[in-house]
Amino acid sequence: MIAVLDSNAVIGLAKGECLELLRGVFRKVLIPTVVRREVIEEGVGRPGSRELRAALGEWIEERTPTNKRINPSVPATSPEDQEVLRLAAECGAVLVTDDSALRSEAARLEILTIGTVEAVILLKQKEVIPAVKPVLDLMQARAHHIAPTLYEQALLAAGEAP
Amino acid sequence: MRLDLTIELPENLQEDQRQAAAKAAQEAAILTLFRNGAISSRVAAQVLGLSYYAFLDRLAELRVPVAREPLAASVVEAIRQQTP
């Protein structure tokens, strides 16, 4: 299965020190050009920038979508958002993003979508990490905040509820 | 699309205070749309004149969760079954 990462997913998973672990789950991991620009070029010295630079060309591939522009039902997505969606649609990939507007538009386009929290749960289910809680706590400690309800749902789903 | 608001403020406010209030009102409006999923983080950042990282920083300062959609447990299960 192929995954397409949005910028917030790269940044959030890097904060949780588990970005690289995705290579143990997905057959291929892609980013559109906009994600490289936002994270590597505009994010020098910021979380996720170094990690993405190291991964690019190694186990993450940059790809430009060739599909025609999707007509969004959510009017307030940007051309950059559309690039992320087009790449996921074109590759039949899972889109990894925490952005609600993108997730909503992806659902309309029948693109499978997960957020960073679900990606961490997947890592545990695939026995790549022993527990989700330390990773989620690290992400939050580094300002990738998770809604309390989602945090509780994640611990429950991972069998780590107190 | 524009949203023009008129907010009554106390008289004799200094101009920098009036501008700070206007900026805060604009940010509150954009963050409301973002929280509701009506606009993406990129659109919100562009309207506020911020870079992608700067917008994430602002969310963190305000403790607005980045990850906040309900858990997509069925999608996780579907992916788990389709990955080796």
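Residue numbers (our numbering), protein chains in the order written: chain S, 3 to 164; chain X, 24 to 107.
The C-beta atom is built at its ideal place from N, Cα and C for all residues, glycine as well.
Because the structure is a prediction, the values reported are computed rather than measured.
Proximal residues of chain X, C-beta to C-beta of residue 139 (chain S) below 9 angstroms:
Under the 9 angstroms cutoff, chain X gives no residues; its nearest Cβ is about 13 angstroms from residue 139 (chain S).
Kindly identify the DSSP beta-bridge partner or partners of residue 63 (chain S).
S:32
If you measure from the beta carbon of residue 74 (chain X) to each beta carbon in chain S, is any gap under 8 angstroms?
yes
If you run the structure through DSSP and keep just helix, strand and coil, what is residue 115 (chain S)?
strand
Using the beta-carbon of each residue, which ones in chain X are nearer than 8 angstroms to residue 128 (chain S)?
103 and 106
Residue 51 (chain X) at chain S interface by Cβ criterion, 8 angstroms
no
For residue 29 (chain X), is the classification buried or exposed, using 16 other Cβ atoms within 10 angstroms of its Cβ as the cut-off for buried?
exposed
Please report the residue range of the alpha helix (DSSP H) in which residue 97 (chain S) lies.
No alpha helix (DSSP H) holds residue 97 (chain S); the beta strand (DSSP E) holding it covers 96–98.
Residue 66 (chain X) classed as buried or exposed, judged by whether at least 16 other C-beta atoms fall within 10 angstroms
buried
Limits of the unbroken alpha helix (DSSP H) element including residue 99 (chain X):
96–105
I'd like to know whether the C-beta atoms of residue 98 (chain S) and residue 160 (chain S) end up nearer to each other than 8 angstroms.
no
I need the DSSP call for residue 37 (chain S), collapsed to helix, strand or coil.
helix
Residue 48 (chain X): first and last residue of the uninterrupted beta strand (DSSP E) it sits in:
Here residue 48 (chain X) belongs to no beta strand (DSSP E); instead the alpha helix (DSSP H) covers 38–58.
With a CB to CB cut of under 6 angstroms and the five nearest residues on each side skipped, what residues in its chain are close to residue 128 (chain S)?
27
Taking any Cβ of chain X, which residues in the stretch 48–59 of chain S have a Cβ under 8 angstroms from it, in chain order?
48
Can you check which of these residues, X:60, X:104, X:90 and X:27, is closest to residue 116 (chain S) by C-alpha distance?
X:90
Secondary structure of residue 148 (chain S), DSSP reduced to three states:
strand
Considering only the alpha carbon of each residue, which of X:40, X:78, X:102 and X:63 lies closest to residue 78 (chain S)?
X:63
Residue 46 (chain X) classed as buried or exposed, judged by whether at least 16 other C-beta atoms fall within 10 angstroms
exposed
Out of S:36, S:32 and S:46, point me to the one whose CA is closest to residue 57 (chain S)'s CA.
S:32
Status (buried if at least 16 other CB within 10 Å, exposed otherwise) for residue 84 (chain S):
buried
Got a sec, what are the start and stop residues for the alpha helix (DSSP H) residue 13 (chain S) sits in?
9–17
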